[in-house]
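Engineer:
Residue numbers (our numbering): 49 to 292.
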C-alpha cells in the first residue's frame, strides 16, 4: 500500500510539472522529480510518463498560451468541457459547405452549429462569443490541430476568456470521442437524409435537427433521456445536494 500511495503522488506531481513546463520532455521532468526526492530510477518515470499520455508535442512554430497538456478525466458537470470539430458536405449545386459542431461532453447537448462555405478561426470565435452571452463558457474545449483551431485567433480568445484548449494528438480522433460520436449521428440522421438546394436551406434543416437532437432524441448513454432532460435532472440533483 505505501508503494501504491507513493506512485499516485509521483503521477500527480508528474502531471502538474508537465502542465507547468509544456516543452519539457521525460528526461527533464525526471530530473525535476529526482530533485524533489520522488523518483530515482528513470525507467519508472518513463513508464508513468507513457501511461499518463504526456508525450504530446507542440510544433515549435506554434506558441499557444491557452493549451492543456494533461490527460483530461471525464467531465463531471454540464459546461465543464466542450468538444468542437468540423463536418463537411455539399449543396445540390456541388458547392461545398462546412459545419462547426459543438458538444457538451457531460450532457451530450449541442449548444450550437455554425454553417457556411468557409469557416475560419474568427468565425469560430464569433460562434463562441454568442454562446458566452447565452449560457456562459466551459473550462476546457477539446479540439484537433486544424488551422481554424490552432491559429492565434482562437488561442488569444481562449486565453482572454480563461478557457483552456485541449488539443488531441494528430491522427488520434478517438481522443475527441464525444464529438466524433455526435458527428456520426449528425451525418447519418441529417446530412445523409436531406438534399440541400441552398445554403440557407441547409442552415434551416441543420438547426431543426440540432433542436430535435437536444430536445426529442433519446440518448442511450443518458439512460434514454434527451440531453436537455439529462442536464435538468443533474441540475436538480446538484441543487438538492447543495441544500442538504
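Virtual Cβ for every residue (Gly too), placed ideally from N, Cα, C. Quick caveat: nothing in here was measured; it's all calculated off a predicted structure.
In the DSSP assignment, find the unbroken alpha helix (DSSP H) run with residue 123 in it and report its ends.
Structural biologist: Here residue 123 corresponds to residue number 75 of the chain shown, with the count starting at 1. Premise fails: residue 123 is in no alpha helix (DSSP H) and is neither H nor E.
Engineer: My assumption, with CB atoms under 8 Å, is that residue 146 sits in contact with residue 176. Please give the rounded CB distance.
Structural biologist: As a position in the chain shown, residue 146 is number 98, starting the count at 1. As a position in the chain shown, residue 176 is number 128, starting the count at 1. So it is not a contact: roughly 16 Å between Cβ atoms.
Engineer: Within 10 angstroms of the Cβ of residue 262, are there 16 or more other Cβ atoms? Answer buried if so, exposed if not.
Structural biologist: Within the chain shown, the letter at position 214 stands for residue 262. Buried, since its Cβ has 16 or more Cβ neighbours within 10 Å.
Engineer: My guess is that residue 201 and residue 170 are in contact by the Cβ rule of under 8 Å, so how many angstroms apart are they, rounded?
Structural biologist: Here residue 201 refers to the residue found at position 153 of the chain shown. Here residue 170 refers to the residue found at position 122 of the chain shown. Contact flag correct, Cβ pair sits at about 5 Å.
Engineer: Using a Cβ-Cβ cutoff of less than 6 Å, which residues in the same chain neighbour residue 226 once the five nearest sequence positions on both sides are dropped?
Structural biologist: Along the chain shown, read from residue 1 onward, the residue named residue 226 stands at position 178. So the list reads 131, 151 and 153, once near-sequence residues are dropped.
Engineer: Are the region 270-282 and the region 177-187 in contact at 8 Å, needing three or more beta carbon pairs?
Structural biologist: no
Engineer: Could you tell me which residues DSSP pairs with residue 130 in its beta bridges?
Structural biologist: On the chain shown, residue 130 is found 82 positions in, with the first residue counted as 1. Looking at the DSSP assignment, residue 130 forms a beta bridge with 152 and 189.
Engineer: Within 8 Å of any Cβ in chain C, is that where the Cβ of residue 67 sits?
Structural biologist: The structure shown contains no chain C; it is built from a single protein chain.
Engineer: Give me whichever residues DSSP pairs with residue 140 in a beta bridge.
Structural biologist: Indexing the chain shown from 1 puts residue 140 at position 92. Answer is none; residue 140 lacks a bridge partner.
Engineer: What whole-angstrom Cβ distance do residue 224 and residue 133 have, given they're in contact under 8 Å?
Structural biologist: Along the chain shown, read from residue 1 onward, the residue named residue 224 stands at position 176. Along the chain shown, read from residue 1 onward, the residue named residue 133 stands at position 85. Right, the Cβ-Cβ distance comes to about 7 Å (below 8 Å), so this counts as a contact.
Engineer: Keeping to the same chain, check which residues put their C-beta closer than 8 Å to that of residue 61; ignore five residues upstream and five downstream.
Structural biologist: In the chain shown, residue 61 corresponds to position 13, counting from 1. If we look at residue 61 and ignore the five residues flanking it on each side, its Cβ neighbours are 81, 84 and 86.
Engineer: Using 10 angstroms around the beta-carbon of residue 76, count the other beta-carbons present and answer buried if the total reaches 16, otherwise exposed.
Structural biologist: To locate residue 76, count along the chain shown from 1; it is residue 28. Exposed.
Engineer: Please classify residue 106: does DSSP put it in a helix, a strand, or coil?
Structural biologist: Here residue 106 refers to the residue found at position 58 of the chain shown. Here residue 106 scores only 49 on pLDDT, less than 50, and its place in the model should not be relied on; the value that follows carries that caveat. Coil.
Engineer: If we call anything under 8 Å between Cβ atoms a contact, is residue 149 one with residue 230?
Structural biologist: Taking the first residue of the chain shown as position 1, residue 149 is located at position 101. Taking the first residue of the chain shown as position 1, residue 230 is located at position 182. The answer is yes: Cβ separation under 8 Å.
Engineer: What separation, rounded to the nearest whole angstrom, lies between the Cα atoms of residue 65 and residue 221?
Structural biologist: Within the chain shown, the letter at position 17 stands for residue 65. Within the chain shown, the letter at position 173 stands for residue 221. One C-alpha to the other measures close to 26 Å.
Engineer: Between residue 128 and the rest of its own chain, which residues show a CB-CB distance below 8 Å, the 5 nearest in sequence each way excluded?
Structural biologist: Translated into the one-based positions of the chain shown, residue 128 becomes position 80. Correct list, in chain order: 153, 154, 186, 187 and 188.
Engineer: With distances taken from CA atoms, which of 123, 159 and 196 is nearest residue 275?
Structural biologist: Position 227 of the chain shown holds residue 275. Nearest C-alpha to residue 275: 159.
Engineer: List the DSSP bridge partners of residue 267.
Structural biologist: On the chain shown, residue 267 is found 219 positions in, with the first residue counted as 1. DSSP lists 273 as partners of residue 267.
Engineer: How long is the line joining the alpha carbons of residue 268 and residue 90, rounded to whole angstroms?
Structural biologist: Your numbering for residue 268 matches position 220 in the chain shown. Your numbering for residue 90 matches position 42 in the chain shown. Their backbone Cα atoms lie some 44 Å apart in a straight line.
Engineer: Report the residue from 173, 144, 57 and 94 whose alpha carbon sits nearest the alpha carbon of residue 245.
Structural biologist: For the purposes of this step, residue 245 is identified with residue 197 of the chain shown, where counting begins at 1. Nearest C-alpha to residue 245: 144.
Engineer: Pick out the complete alpha helix (DSSP H) segments inside the region 188-221, 4 residues or longer, and give them in chain order.
Structural biologist: 195-198 and 200-208
Engineer: By Cβ distance below 7 Å, which residues in the same chain neighbour residue 265 in space, the five residues on each side in sequence not counted?
Structural biologist: Within the chain shown, residue 265 is the residue found at index 217, counting from 1. Taken in chain order, the residues that qualify are 274.
Engineer: Does residue 53 pass the burial test, meaning 16 or more other C-beta atoms within 10 Å, or should it be called exposed?
Structural biologist: For this step, residue 53 is matched to residue 5 along the chain shown. For residue 53, the predicted model reports a pLDDT of 48, less than 50, meaning its position is unreliable; a value from the coordinates is still stated below. Counting Cβ neighbours within 10 Å, residue 53 comes out exposed, since fewer than 16 surround it.
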